[in-house]
Amino acid sequence: LLSGAAMDLRSLPFAERWIVAELAQLVEDVDRAHERHDIGEAGRAVYNFFWGQFADWYLEIAKTRLYSDDVAEQEQCMDVLLHVFLSCLQLLHPYMPFVTEELWQVLATADKGDSRDTIMTSQWPKSLGKDAAVCESFAVFQEAVRSVRNIRAEQQVPVNKKISALFMIDDEEQKQRILSEEKALQFLCKIDELTIVERQAAQELSSEEHIEAVVTDGFLIYIPLAGLVDAEQEISRLTRQATKIEKDLATLESRLGSASFVEKAPKQVVDETTAKRDDLAQQLSMVKGRLSVLVEGSNVSV
145 LLSGAAMDLR SLPFAERWIV AELAQLVEDV DRAHERHDIG EAGRAVYNFF
195 WGQFADWYLE IAKTRLYSDD VAEQEQCMDV LLHVFLSCLQ LLHPYMPFVT
245 EELWQVLATA DKGDSRDTIM TSQWPKSLGK DAAVCESFAV FQEAVRSVRN
295 IRAEQQVPVN KKISALFMID DEEQKQRILS EEKALQFLCK IDELTIVERQ
345 AAQELSSEEH IEAVVTDGFL IYIPLAGLVD AEQEISRLTR QATKIEKDLA
395 TLESRLGSAS FVEKAPKQVV DETTAKRDDL AQQLSMVKGR LSVLVEGSNV
445 SV
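Under the numbering used here, think of the first position of the sequence shown as 145, with each following residue one higher.
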């Protein structure tokens, strides 16, 4: 397993430092739970880490290292993967003794060539590499990935379609950390062209031609609408959507324009109808605005 002597933790790439730091925090949390004899909480902590941090995030990022042509990068990534996975086996051993022992025999003893080693007599994981700053910074990276994914989902971008993105990051240290994982960002968000822009250039970007997402104060993401979706199909979809909204809006306008409805209906119903009318009006404005941009940027007519 990794040790301070075996590897300088600060020399690890951003994502590796993060997962090692999260593991260190996990070990502390599990130790405290065991001291309180709170076995359930200890198990939940390991479960949440294994699926929520290790599997959902680090394993995905690791693919960009393992499939690269850099042998040193591959080996470093495998070292971290093995360290984290074996540590999880040790933390899970009280709950899953037979499965963890079997996996330990395959993974932990193969390198040593000593089949007599058992997980039961292995040294309990230590809290090594805690780094609150790295964890906080990586949380920003995660939020950036979620922001791009949300835009893709909202715009119904095909899963395999790659897009362009512009990042505006004021904090220089955060910018360097994000850029150090550019390959992972492109993989996780299906981005083929990532551009870093300064604040002044970002302010000059047209809001009608880009979708903006706020990651944090000082970190904005801009996704160009051009090429985001098939213009003809999107115009057709938005036209249908606008027609439906206009029909629903006309129904609500008619209802609110009726004196008998406004006077006789409970105030709560009138307020809810008014709020729904206003919400539909806002949706219609957004849909028409998007439709206008697409029509102007293509040869398709409505």
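No residue lacks a Cβ here, since even glycine has one placed at the ideal position from N, Cα and C.
Note that this is a predicted model, so its numbers are computed, not measured.
Any chain B beta carbon closer than 8 angstroms to residue i
{"i": "asparagine 294", "result": "Although the question refers to chain B, the structure presented lacks it and comprises just one protein chain."}
Assigned secondary structure, residue i (DSSP; H/G/I helix, E/B strand, else coil)
{"i": "methionine 312", "result": "strand"}
{"i": "alanine 276", "result": "helix"}
{"i": "threonine 339", "result": "strand"}
{"i": "isoleucine 269", "result": "According to the sequence displayed, residue 269 carries proline and not isoleucine. Three-state DSSP puts proline 269 in coil, outside helix and strand."}
{"i": "histidine 181", "result": "coil"}
{"i": "histidine 237", "result": "coil"}
{"i": "leucine 156", "result": "coil"}
{"i": "leucine 382", "result": "helix"}
{"i": "glutamine 377", "result": "helix"}
{"i": "valine 301", "result": "coil"}
{"i": "threonine 418", "result": "helix"}
{"i": "leucine 251", "result": "helix"}
{"i": "glycine 401", "result": "coil"}
{"i": "aspartate 261", "result": "coil"}
{"i": "glutamate 348", "result": "coil"}
{"i": "glutamate 172", "result": "helix"}
{"i": "arginine 434", "result": "helix"}
{"i": "alanine 409", "result": "coil"}
{"i": "glutamate 326", "result": "helix"}
Counterpart residues of residue i in DSSP-defined beta bridges
{"i": "phenylalanine 363", "result": "Ile313, Thr360"}
{"i": "proline 368", "result": "His354"}
{"i": "isoleucine 307", "result": "Ile335"}
Assumed close pair residue i, residue j - CB separation to whole angstroms, cut-off 8 angstroms
{"i": "leucine 400", "j": "threonine 418", "result": "6 angstroms"}
{"i": "leucine 428", "j": "alanine 386", "result": "6 angstroms"}
{"i": "isoleucine 365", "j": "alanine 309", "result": "6 angstroms"}
{"i": "leucine 236", "j": "valine 190", "result": "6 angstroms"}
{"i": "leucine 338", "j": "phenylalanine 311", "result": "7 angstroms"}
{"i": "valine 228", "j": "leucine 167", "result": "6 angstroms"}
{"i": "valine 373", "j": "glutamine 300", "result": "7 angstroms"}
{"i": "valine 174", "j": "alanine 165", "result": "Not really, about 15 angstroms apart at Cβ, beyond 8 angstroms."}
{"i": "leucine 393", "j": "arginine 421", "result": "7 angstroms"}
{"i": "isoleucine 355", "j": "isoleucine 313", "result": "In fact, because the Cβ distance is near 17 angstroms, the residues do not count as touching under 8 angstroms."}
{"i": "valine 431", "j": "leucine 396", "result": "With a Cβ gap of about 16 angstroms, valine 431 and leucine 396 do not count as contacting."}
{"i": "valine 406", "j": "valine 413", "result": "10 angstroms between Cβ atoms; not a contact."}
{"i": "serine 266", "j": "glutamine 234", "result": "6 angstroms"}
Member of the options whose CA lies at the smallest distance from the CA of residue i
{"i": "glutamate 287", "options": "Ser380, Val359, Lys306, Lys420", "result": "Val359"}
{"i": "phenylalanine 194", "options": "Ala177, Glu219, Ile183, Cys232", "result": "Cys232"}
{"i": "arginine 161", "options": "Ser404, Ile295, Ala277", "result": "Ala277"}
{"i": "alanine 328", "options": "Val289, Asp314, Glu348, Leu364", "result": "Val289"}
{"i": "isoleucine 335", "options": "Glu204, Arg296, Tyr211", "result": "Arg296"}
{"i": "threonine 208", "options": "Glu326, Glu337, Leu338", "result": "Glu326"}
{"i": "serine 436", "options": "Asp422, Asp261, Pro410, Ala375", "result": "Ala375"}
{"i": "phenylalanine 242", "options": "Arg343, Tyr202, Lys274, Ile263", "result": "Ile263"}
{"i": "aspartate 200", "options": "Ile163, Gln412, Leu236", "result": "Ile163"}
{"i": "leucine 251", "options": "Leu382, Phe285, Trp268, Leu230", "result": "Leu230"}
{"i": "serine 324", "options": "Ser351, Ser281, Trp248", "result": "Ser281"}
{"i": "lysine 305", "options": "Lys432, Ser291, Glu219, Gln330", "result": "Gln330"}
{"i": "alanine 216", "options": "Ala357, Arg321, Glu352, Pro157", "result": "Pro157"}
{"i": "alanine 357", "options": "Arg381, Asp315, Glu298", "result": "Glu298"}
{"i": "aspartate 315", "options": "Asp361, Ile307, Ile355", "result": "Asp361"}
{"i": "glutamate 440", "options": "Asp182, Glu353, Leu396", "result": "Glu353"}
{"i": "glutamate 172", "options": "Lys388, Thr395, Pro368, Pro269", "result": "Pro269"}
{"i": "leucine 141", "options": "Leu203, Asp214, Tyr239, Ser212", "result": "No statement about residue 141 is possible, as the shown extent of the chain runs from 145 to 446 and does not include it."}
{"i": "alanine 346", "options": "Cys333, Leu332, Pro368", "result": "Pro368"}
{"i": "cysteine 221", "options": "Ser155, Gln249, Leu247, Gly184", "result": "Ser155"}
{"i": "phenylalanine 198", "options": "Arg343, Ile183, Val224, Glu378", "result": "Val224"}
{"i": "valine 293", "options": "Gln249, Arg321, Ala370, Leu332", "result": "The amino acid at residue 293 is misidentified as valine; the sequence shows arginine. Among Gln249, Arg321, Ala370, Leu332, the Cα nearest to that of arginine 293 is on Leu332."}
{"i": "isoleucine 205", "options": "Asn192, Met240, Phe285, Ser351", "result": "Phe285"}
{"i": "leucine 170", "options": "Trp248, Cys279, Asp214, Thr244", "result": "Cys279"}
Let me know the alpha helix (DSSP H) ranges lying completely inside the region 180-233, each 4 residues or longer, listed in chain order.
-> List check, alpha helix (DSSP H) in window: 183-193, 203-210.
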